[in-house]
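Worksheet for the structure shown next.
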Amino acid sequence: LFFKGEKIIALRKCYKEPVFTFTDFDCYVSATFYIIKSERIDLRYLTAILNSKLIAFWLRHKGKMQGGNYQIDKEPLLQIPIFNVKDVSPLTKIVDQILVKKESNPKANIELLENQLDEMVFKLYGLTYEEAIVVEPDFWLSEEEYAAVEI
6 LFFKGEKIIA LRKCYKEPVF TFTDFDCYVS ATFYIIKSER IDLRYLTAIL
56 NSKLIAFWLR HKGKMQGGNY QIDKEPLLQI PIFNVKDVSP LTKIVDQILV
106 KKESNPKANI ELLENQLDEM VFKLYGLTYE EAIVVEPDFW LSEEEYAAVE
156 I
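Positions 6 to 156 (this note's numbering) are the ones given, in order, by the sequence shown.
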């Protein structure tokens, strides 16, 4: 039952940034992965949050690192503050677009969609423009553009 249906698969040791993958098909994975399942929250929404630059920043400072590699363990995962909003559709629509693009072309460039998700997550968590730049020093928006982002 654990390997069936919707789930998020997380690689336990990640270079550069944590990786969380939404799947809606039955699959079995080795112990080098964590499987996240929940009935309480939309897993596509959770995937958007977990893959954000904000959560990578949080895990870098509050989670476990092995040198420059993220070590994704149960305890830090359980401590990540997750906002459970009423309308998750703005984020899940973008996740669906990413899934469609990647299904048709696994090498598809999804950087613009990922940037949109990051912008929305920054806003969801109430980050100011200055805080967004701390999280992402190469932030792609001007202060005025960031002020116009809506969730």
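Virtual Cβ for every residue (Gly too), placed ideally from N, Cα, C.
Report, in whole angstroms, the separation of the C-beta atoms of Val154 and Glu124, which I expect to be a contact under 8 Å. Between Val154 and Glu124 a beta carbon distance of about 5 Å is seen, short of the 8 Å cut, so the two are scored as contacting.
Query raised in the report: Is the distance from the Cβ of Lys42 to the Cβ of Lys12 below 7 Å?
Result: Taking a C-beta distance under 7 Å as the contact criterion, Lys42 and Lys12 qualify as a contact pair.
Which first and last residues belong to the beta strand (DSSP E) in which Ala15 is found?
Ala15 -> beta strand (DSSP E) spans Lys12 to Leu16.
Indicate whether the contact test is met: 3 or more Cβ pairs, each with one atom in the stretch 90-102 and one in the stretch 47-63, closer than 8 Å.
With contact defined as three or more Cβ pairs closer than 8 Å, the stretch 90-102 and the stretch 47-63 are in contact.
Q.
Using 7 Å as the threshold, is the C-beta distance between Val140 and Leu59 below it?
A. Their beta carbons are under 7 Å apart, which means Val140 touches Leu59 by this criterion.
Please list the terminal residues of the continuous beta strand (DSSP E) segment that includes Phe25.
Under the DSSP assignment, Phe25 falls in the beta strand (DSSP E) whose first and last residues are Phe25 to Thr28.
- Message: Rounding to the nearest angstrom, what Cα-Cα distance links Lys128 and Cys32 in this structure?
- Response: Whole-angstrom Cα-Cα distance: 34 Å.
Cβ distance (whole Å) where Cys19 is taken to contact Ile77 below 8 Å: About 7 Å separates the two Cβ atoms, so the contact holds.
Which term fits Ile105, buried or exposed, when burial requires 16 or more other beta carbons within 10 angstroms of its beta carbon?
The sequence shown places Val at residue 105, not Ile. By the neighbour-count rule (16 or more Cβ atoms within 10 Å), Val105 is not buried but exposed.
> Taking just the CA atoms, how far does Gly72 sit from Val90?
Replying inline: One C-alpha to the other measures close to 35 Å.
Who are the Cβ neighbours of Gln121 in its own chain at under 7 Å, not counting the five residues just before and after it?
Hits under 7 Å: Ile99.
Practice task
Out of Lys79, Tyr130, Gly68 and Thr28, state which residue places its alpha-carbon closest to the alpha-carbon of Tyr39.
Solution key: Comparing Cα positions, the closest option is Lys79.
Consult DSSP for Phe38 and reduce its assignment to one of helix, strand or coil.
Correct three-state label for Phe38: strand.
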